[in-house]
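Remember, the numbering used here sits 71 above the position in the sequence shown when you count from 1.
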Amino acid sequence: MSDTPFLQAIAVSKIYPGKQLSGVKQTNIVIEPGKITAIIGESGSGKSTLLRLLYGLLSPDEGTVLFKGERIWGPEEKLIPGHDAMKMVTQHTDDLNLFAKVWDNVAAMLPATDLNAKQQKTEEVLKQLNMARMADKRVADLSGGEKQRVAIARAIITRPQVLLLDEPFNQVDTSFREGLQHDIRQIVKEIGLTVIMVSHDPAEVLSMADKLVVLKQGEIIEEGHPKVLYQYPQNLYTAQLLSNCNVLTAAEATLCDLKATKTNVVIYPEWIKLKLITKTKAWTVNQVLFKGFYEDLILQQNETLLRVVNEESGKYTEGDKVAVRVGKWLEY
Ligand code: ADP
Ligand code: MG
């Protein structure tokens, strides 16, 4: 049946004892094959719980999780918890053998029945993850980011159909992160892997995911393509997860010449254009934060602060008076 969803949770709930407002509640989600789905939400919103339910590390209190139409077994029903067609990588790389070489750590995941295949597949995976030149290094001598690559290599060498990532890049330096994100995207394209990732880093999910799922207090409040969710979030919560945005009251928004009808006005820092002026009743540049090829300016008027992205580095200095023009805003 081609219309059977690949991986699906139907009305699943998992409430932890003693805590009414924890876990996930009545959640429906459909995971598309060959795509990267990112689950985002504030800390404690139920991201890891949902991921563990999808993998079969937790049994739902209510509802079902189906993989290709078949119910996923919970940990009480299976000797080794977790669905056999899936692999999970978290930020803890505890199961690596620190004193063995990278090569052996990865090759150990394959049976020793066909040594040729073992050799070939290990080589292939190390190449895909740009680890070939480190094959003979001991894992103990690797950086955090490199260890994480080994963990991912170990997960994908067995060719799982689904790779689950629970904030796996948290301990990885930003400079290493982008390379790793790129390599994972590449692998998804090459071998048609399905990835479900949990993250709270907007830059990461916006550039990596094909679809975002937003969790708030154990419930999915919206989902969609990263571009759509970024530009048109249905909820203030989503806007705040995805952008370091300004949230003003309707009264404060009048300082930007906006007449809002709802309570909260959201303005992304890149939606604001500036002009130098000499009026006293204007915004004052309070701080200039150097960001490399751009600056973040913090403007102030009365008690209200406004964060603005400025691409003309050096144009404004602290104390300057400026007028703002807001090209786009959202109201909630
Ligand atoms: P996230 O990954 O989004 O930070 P989690 O899924 O880990 O959130 O947790 C969601 C909520 O459930 C949190 O309030 C957390 O404290 C609670 N929780 C998670 N695991 C357990 C557990 N084993 N026992 C009790 N409460 C838990
Ligand atoms: Mg978590």
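Yeah, the Cβ is synthetic: ideal placement off N, Cα and C, and Gly gets one too. Please read these numbers as outputs of a predicted model, since none were measured by experiment.
In the three-state DSSP reduction, S116 falls in the coil class, being neither helix nor strand. Set against 7 Å, the gap from the CB of T98 to the closest heavy atom of ligand 1 is not smaller. Fully contained in the region 225 to 295 are the following beta strand (DSSP E) runs of length 3 or more, in chain order: 233 to 237, 265 to 270, 282 to 287 and 290 to 295. The shortest CA-to-CA distance from H154 to any of T161, I143, L370 and H163 is the one to I143. Relative to the Cα of H271, the nearest Cα in the group L360, T309, N168 and R209 belongs to T309. Here A80 is buried. Its C-beta has 16 or more other C-beta atoms within 10 Å.
Taking L125 as reference, the option from E147, L235 and V160 with the minimal CA-CA separation is L235. Take E217, set aside five residues on each side of it, and no residue of its chain has a beta-carbon closer than 6 Å to its own. For E402, the beta-bridge partners assigned by DSSP are V336.
Contact annotation: the region 300 to 316 does not touch the region 381 to 395, with fewer than three C-beta pairs closer than 8 Å. T161: member of the beta strand (DSSP E) spanning M157 to T161, first to last residue. For S84, the CB stays at least 7 Å from every heavy atom of ligand 1. Looking at the DSSP output, A394 bridges to K346. About 7 Å separates the beta carbon of T265 from that of F77, a gap short enough to meet the 8 Å contact definition.
In the three-state DSSP reduction, D212 falls in the helix class (H, G or I).
Comparing alpha-carbon positions, the option among N99, T108 and L122 lying closest to T135 turns out to be N99. With contacts defined as CB atoms closer than 8 Å, L197 and A203 qualify as a contacting pair. Taking every residue with its beta carbon within less than 6 Å of a heavy atom belonging to ligand 1 gives, in chain order, Y87, K90, S93, G94, G112, S114, G115, S116, G117, K118, S119 and T120. Cβ-Cβ distances below 7 Å link L200 to R220, I223, A224 and D254 in the same chain, with the five nearest sequence neighbours on each side left out; the list follows chain order. Take the alpha-carbon of L150 and the one of I227: they are about 21 Å apart. Contact annotation: W354 and L370 have beta-carbon atoms nearer than 8 Å.
Judged by beta-carbon spacing, E141 lies beyond the 8 Å limit of S130, meaning their Cβ atoms are not closer than that value. As DSSP reads the structure, A109 sits in a beta bridge with M268 and L283. C-alpha of K139 to C-alpha of M159: approximately 18 Å in a straight line. Remark: C-beta atoms of S114 and Q288 do not approach each other more closely than 8 Å.
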